[in-house]
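Visitor:
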Amino acid sequence: MRTIAPGGDHVDLMTINLGPSHPATHGTLRLFAALDGENVIAAVGEMGYLHRGFEKMIEQGTYQQVLPYTDRLNYCSAMMNNIGFCKSVEKMFGITPPERCIRLRVVLLELSRIIDHLVCICTNLVDLGALTNFWYFFNTREEVYTIWEKLCGARLTNTVTRIGGMYRDAYPGFADDVRRVLGRVEHAVAEVRGLIEHNKIFIDRTKDICPISAEQAVAWGWTGPCLRACGVDRDLRKDEPYYGYEEYQFDTVIGTSGDTFDRMMVRMLEILESVSITRQALDKLKPGPVNTTDARLSLPDRQRVYHDMEALINSFKLIYEGVRPPAGECYDAIEAANGELGFLIVSDGGTNPYRIKVRPPCFTQWAAFPGMMEGAMVPDLAAALGSINIIAGELDR
Amino acid sequence: MLDWVIANLPLIVAIALPIAIPLVLFHLLPLLVLMERRGAGVIQDRSGPHRAAVNLQLKSIPGIFNDAVPGLRLRAFGMIYNVTDLVKGLSKEFFIPPFAYPGWYVIAPAIPVMVGVLTPAVIPWFGDMATSVGTIHGTIFPTANGLLLLFALSSLSVYGVVLGAWSSNSKYSLLGGVRSSAMMISYEVSMGLAVLGLLLIYGSFSLQDAVTWQSTHTWGVFVQPIGFLLFLISLFAETCRNPFDVTEGESEIVGGYHTEYNGIRFMLYMTAEYLHIAVGSVLIATLFLGGYQLLPVPGWDTDWLREHLGKVALALSIVTALLLFGFVKLILGRRTHNAAGHATDREVRVREYGIYAAAFSGLAIGTLALGGLAAATLWHNPVPAAGAFWSPVVLTVTALIQFHIIIAKALVFSWLFVWVRWTLPRFRYDQIMDLGWKVLLNVALVNLLITAVVAKLIKEAW
């Protein structure tokens, strides 16, 4: 392709389609790049190959029926989406779930964050050609999934929460299982850090590759580990604490240069912080109810349904109609593994949501990505794309 | 019959050798593939290849197989995959992409394989044998310029890659082809310079002379440690193995030069890769690790080996048998592990591992018996004069032992290739160029300079 450079010279560029089916795009993304040799001169990103009409679909069902859909947003950490959505709806009702439910949710949130980061880092390392790390992390992730399976029967798409509580309480021995897996996580992180942290090839491949400045990152609306890698101290768990995060002792991991190395290492160290938070939450986990007693959300006790007319009506209304949040608009967000995961819910007072807008963390990162690519090389593309952790499921919705 | 064979042994060896050596490399191929897969499994905390199996339904033999545990399954540690892979490759459609240049597209994968088969011709596999039909060289093509020929041949293999990439007429292939041509040419420079210091010491381009020098002095790795490292790194680049596998770069440019290849043509490229590993390992063993000589002791050359053939054969057979028995111990460990497990095919597994253990124990005992036989017949015998009745046997056994020594050394290096591949991340293309031209080349030049001065001084002093 013959183009005219800014100076007026003619240059021959090769246009190339990286995606929608390309080994480096974990999911269906397309990057259309103009190459001069191996250097990316210009790039255009395109999304929408996985568009499933999520936001339109969930308007057709009740609030409870939205939950299984949220699993499919960021499928690497499905529970975070469950919890994020439930938290938004609970905010509309103005209720807080019971203490035990919140502690359990914190455990699940942090374990989900751990496995999300594990997947992100190990697939990123696969893109860099370091294949072995993939198994070190995936074996550990599988053990977390075994806990998921014991907890709710599903490994990937969990649908583990309910509005106002949990699907069910944790099984006996849950805390011990989690503690054992946390040890395995620390071991795996130590192994992979030993393999890459001081590896000259790894550092050459990631240091100063596709950096983004703090100002740019903020301007693009970045959140989460990618923003923190640029040196911006922004973590919803610290800045707008929810679920009692202010009670836990943990550090926000901050990078300096916003390059691929920082993005990967911020995630790596966040895993260790999450391990610490999970242990603290397990220590604070006390027996008790996991579901709210609010009659607008929670099914009444079965015995009462059989003997009490009001309870029977309540049960019927909840099952046949669903929950009815008060009319209005509500935005609530949690710090998901990849950044701020927000749900804007518009309710008309009915049982179906009038509109739900998801604010996925990787949407803004994908928007900035083609700009970051310009001036980089083709191999950097794979490295940087892995490090910003685009999940097509929540990108396209 | 035996007399006839012994009498005509030199002739048989002379005729069989040019056919056998390339075939031996092809026989190494499945071993290398197995090593790669098993090695990956070991390094990556997973089982490795374990599905492809030969199932024998032998219910009819009473007393051995009962109905509860029918048949026998042999997985041969993943070796069966070599067969299934080949069958798969051959049974695929011979597809040529409509946009490719068909002629070059078909020819290209054959070139690296051809190079891989030709290069062993200049490598000395054993010491020269003076026989009744004349001298049989350990090299198929004995030439004074063996190393030059080797470098010339190995440079040719890049043509296969570039031609395949170009004729595929695909952008990803083109990127891979450009990368590989640039990389191979660059690393040829450092490779040549790395060996040059060694050549100053050996004083010859002949690989046979290199081995002879090493048997009278010491191994090349001790006189040229830096050259050895440089050569090793360049060899990794030449074979396009991780961390230099940017030519394939599966996460960046899909499949690199073989993106558009499938079936048996794709497998030819893979074959070439493993052939190059085998040849490279043999070459590094020849140049730096004494070739077919047993140990880095001055004077332990071919004649010494012939004199002490019985003792050496016994010692080697004991070492081999010990290694085999160690392996049997591992197999029995797996057998116990399986017996304690709850797999549905537990009985089949236990029987399978029992058979492996028996087979390898038998192999070990056979090796010991062979060693003992050699020791008993050749312990006190002086080396028979050329033309004597036993002379061909001594010469041939010596040659066989030397051949196995060099193969063993090469396999150690092949394992290094596997180990590195599953440990290190991949370089970026321009970083490889930086390393080649800015680091390796300079180090090689300095190494060459120092070697030249020191070699000159030492030779003057003598």
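Which chain is which? The protein sequence lines are Z and A, in order.
For any residue, its number in the working numbering is found by taking its place in the first sequence, counting from 1, and adding 531.
For any residue, its number in the working numbering is found by taking its place in the second sequence, counting from 1, and adding 375.
Beta carbons: idealized from backbone N, C-alpha and C, even for Gly.
Predicted, not measured: the structure shown is a model, and the values here were computed from it.
1) Mind checking HIS557/Z: buried by the 16 CB within 10 Å criterion, or exposed?
2) PHE668/Z by DSSP, collapsed to three states: which one?
3) Would you kindly work out how many angstroms separate the C-alpha atoms of TYR480/A and GLU682/A, rounded to a whole number?
4) Within 7 Å of any Cβ in chain Z, is that where the Cβ of ILE807/A sits?
5) Take THR823/Z and list the residues in its own chain whose beta-carbon comes closer than 6 Å to its own, dropping the five residues that flank it on each side.
6) Measuring alpha carbon to alpha carbon, tell me which residue in GLN595/Z, THR882/Z, LEU875/Z, MET796/Z is nearest PRO856/Z.
7) State yes or no: is the beta carbon of ARG711/Z nearer than 7 Å to at least one beta carbon in chain A?
8) Work out the CA separation of GLU728/Z and LYS738/Z for me, nearest whole Å.
9) Does DSSP classify HIS582/Z as helix, strand or coil?
10) Does the distance from the CB of CYS761/Z to the CB of GLY789/Z come in under 7 Å?
11) State yes or no: is the beta carbon of ASN920/Z nearer than 7 Å to at least one beta carbon in chain A?
12) When you compare the stretch 646-661 of chain A with the stretch 571-580 of chain A, are there three or more beta-carbon pairs, one atom per stretch, that lie closer than 8 Å?
13) With DSSP as the reference, label HIS541/Z as helix, strand or coil.
14) Indicate the three-state DSSP secondary structure (helix, strand or coil) for THR646/A in the structure shown.
15) Taking the beta carbon of GLY716/A as the centre, do at least 16 other beta carbons fall within 10 Å, making it buried, or is it exposed?
16) Based on DSSP bridge pairs, tell me the residues matched to GLY696/Z.
17) Determine the extent of the alpha helix (DSSP H) in which GLU682/A is found, giving its start and end residues.
18) If GLY595/A and PHE663/A are in contact, beta carbons under 8 Å, what's the gap, nearest whole angstrom?
19) In terms of alpha-carbon separation, which member of LEU406/A, VAL703/A, LYS467/A lies closest to ILE740/A?
20) Assuming ALA733/A contacts ARG724/A under a Cβ cut-off of 8 Å, what Cβ separation, rounded to an integer in Å, is found between them?
21) Nearest CA to the CA of PHE874/Z: which residue from ALA868/Z, ALA864/Z, GLY880/Z?
22) Note down, in chain order, all residues in the stretch 648-660 of chain Z with a beta-carbon under 9 Å from any beta-carbon belonging to chain A.
23) Take ASN713/A and list the residues in its own chain whose beta-carbon comes closer than 7 Å to its own, dropping the five residues that flank it on each side.
24) Taking the beta carbon of MET908/Z as the centre, do at least 16 other beta carbons fall within 10 Å, making it buried, or is it exposed?
25) Which stretch, first to last residue, makes up the alpha helix (DSSP H) that contains CYS861/Z?
26) Going along the chain, which residues of its own chain have a beta-carbon closer than 6 Å to the beta-carbon of GLY655/A, five neighbours each way excluded?
27) In chain Z, what lies closer than 7 Å to ASN617/A by C-beta?
28) Here's the rule I'm using: 16 or more other beta-carbon atoms within 10 Å means buried, otherwise exposed. How should PRO884/Z be labelled?
29) Chain Z beta carbons: is any one of them nearer than 7 Å to that of SER334/A?
30) Closer than 6 Å by C-beta to TYR456/A: which residues in its own chain qualify, once you throw out the five before and the five after it? Chain order, please.
31) So which residues of chain A does TYR702/Z contact, with C-beta pairs closer than 9 Å?
32) Please classify GLY453/A as buried or exposed, where buried requires at least 16 other C-beta atoms within 10 Å of its C-beta.
33) Looking at the structure shown, is ASP708/Z part of a helix, part of a strand, or coil, going by DSSP?
34) Taking Cβ positions only, does VAL691/Z come closer than 7 Å to chain A?
35) Check the Cβ-Cβ distances between ILE734/Z and every residue of chain A, and say whether any is below 7 Å.
36) Considering only DSSP beta bridges, list what THR546/Z is partnered with.
Guide: The relevant details are as follows:
1) Against the first sequence, residue 557/Z aligns to sequence position 26. It is buried - the Cβ of HIS557/Z has at least 16 other Cβ atoms within 10 Å.
2) Translated into the one-based positions of the first sequence, residue 668/Z becomes position 137. The answer is helix: DSSP assigns PHE668/Z an H, G or I state.
3) For the purposes of this step, residue 480/A is taken as residue 105 along the second sequence, with counting starting at 1. For the purposes of this step, residue 682/A is taken as residue 307 along the second sequence, with counting starting at 1. So the alpha carbons of these two residues sit roughly 54 Å apart.
4) Along the second sequence, read from residue 1 onward, the residue named residue 807/A stands at position 432. With 7 Å as the cut-off, ILE807/A does not count as an interface residue toward chain Z.
5) Counting from one through the first sequence, the residue named residue 823/Z turns up at place 292. Contacts found: ILE626, PRO628, GLY695, GLY696, SER829.
6) Working through the first sequence from its first residue, we reach residue 856/Z at position 325. Out of GLN595/Z, THR882/Z, LEU875/Z, MET796/Z, THR882/Z has the C-alpha closest to the C-alpha of PRO856/Z.
7) Stepping through the first sequence from its first residue, residue 711/Z is reached at position 180. With 7 Å as the cut-off, ARG711/Z does not count as an interface residue toward chain A.
8) Taking the first sequence and counting its residues from 1, one reaches residue 738/Z at position 207. Taking the first sequence and counting its residues from 1, one reaches residue 728/Z at position 197. Straight-line Cα distance between these residues: approximately 11 Å.
9) Taking the first residue of the first sequence as position 1, residue 582/Z is located at position 51. HIS582/Z: coil per DSSP, three-state reduction.
10) Counted from its first residue, the first sequence places residue 761/Z at position 230. Counted from its first residue, the first sequence places residue 789/Z at position 258. Against a cut-off of 7 Å, the Cβ pair of GLY789/Z and CYS761/Z comes out as a contact.
11) For the purposes of this step, residue 920/Z is taken as the residue at position 389 of the first sequence. Answer no: the Cβ-Cβ gap between ASN920/Z and chain A never drops below 7 Å.
12) no
13) If you number the first sequence from 1, residue 541/Z lands on position 10. Here HIS541/Z sits in strand by DSSP.
14) If you number the second sequence from 1, residue 646/A lands on position 271. Here THR646/A sits in helix by DSSP.
15) Within the second sequence, numbered from 1, the residue matching residue 716/A stands at position 341. Burial call: exposed.
16) The residue you call residue 696/Z lines up with position 165 of the first sequence. According to DSSP, which records beta bridges pairwise, GLY696/Z is partnered with ARG693/Z.
17) By one-based count along the second sequence, residue 682/A stands at place 307. Start and end: 677-682.
18) If you number the second sequence from 1, residue 595/A lands on position 220. If you number the second sequence from 1, residue 663/A lands on position 288. With a Cβ gap of about 4 Å, GLY595/A and PHE663/A count as contacting.
19) Position 365 of the second sequence, counting from 1, holds the residue named residue 740/A. With distances taken between Cα atoms, ILE740/A lies closest to VAL703/A.
20) The count along the second sequence starts at 1 and reaches residue 733/A at position 358. The count along the second sequence starts at 1 and reaches residue 724/A at position 349. That belief does not hold up - the Cβ atoms of ALA733/A and ARG724/A are roughly 15 Å apart, past 8 Å.
21) Taking the first sequence and counting its residues from 1, the one referred to as residue 874/Z is at position 343. If we check each option's Cα against that of PHE874/Z, ALA864/Z comes out closest.
22) LEU656, VAL657, ASP658, LEU659, GLY660
23) Walking along the second sequence from the start, residue 713/A turns up at place 338. Once the five neighbours on either side are set aside, the close Cβ partners of ASN713/A are ARG721, ARG724, VAL725, TYR728.
24) The sequence position of residue 908/Z within the first sequence is 377, counting from 1. So MET908/Z counts as buried.
25) The sequence position of residue 861/Z within the first sequence is 330, counting from 1. Segment 859-867 is the beta strand (DSSP E) holding CYS861/Z; no alpha helix (DSSP H) there.
26) Position 280 of the second sequence holds residue 655/A. If we look at GLY655/A and ignore the five residues flanking it on each side, its Cβ neighbours are LEU610, THR614.
27) Numbered from 1 along the second sequence, position 242 holds the residue referred to as residue 617/A. Simply GLY660.
28) On the first sequence, position 353 is the one that residue 884/Z refers to. The residue is buried, with at least 16 neighbouring Cβ atoms inside 10 Å.
29) In this structure chain A extends from 376 to 837, so residue 334/A is not present and cannot be described.
30) As a position in the second sequence, residue 456/A is number 81, starting the count at 1. Around TYR456/A: PRO424, ALA427.
31) Counting from one through the first sequence, the residue named residue 702/Z turns up at place 171. Residues of chain A passing the Cβ test: none, with the nearest at roughly 22 Å.
32) Counting from one through the second sequence, the residue named residue 453/A turns up at place 78. Buried: at least 16 other Cβ atoms inside 10 Å.
33) By one-based count along the first sequence, residue 708/Z stands at place 177. In this structure, ASP708/Z counts as helix in the three-state DSSP scheme.
34) Within the first sequence, numbered from 1, the residue matching residue 691/Z stands at position 160. No, because no Cβ of chain A sits closer than 7 Å to the Cβ of VAL691/Z.
35) Residue mapping note: residue 734/Z aligns to position 203 of the first sequence, counting from 1. It does not: the Cβ of ILE734/Z has no partner Cβ on chain A nearer than 7 Å.
36) For the purposes of this step, residue 546/Z is taken as residue 15 along the first sequence, with counting starting at 1. Paired residues: ALA565/Z.
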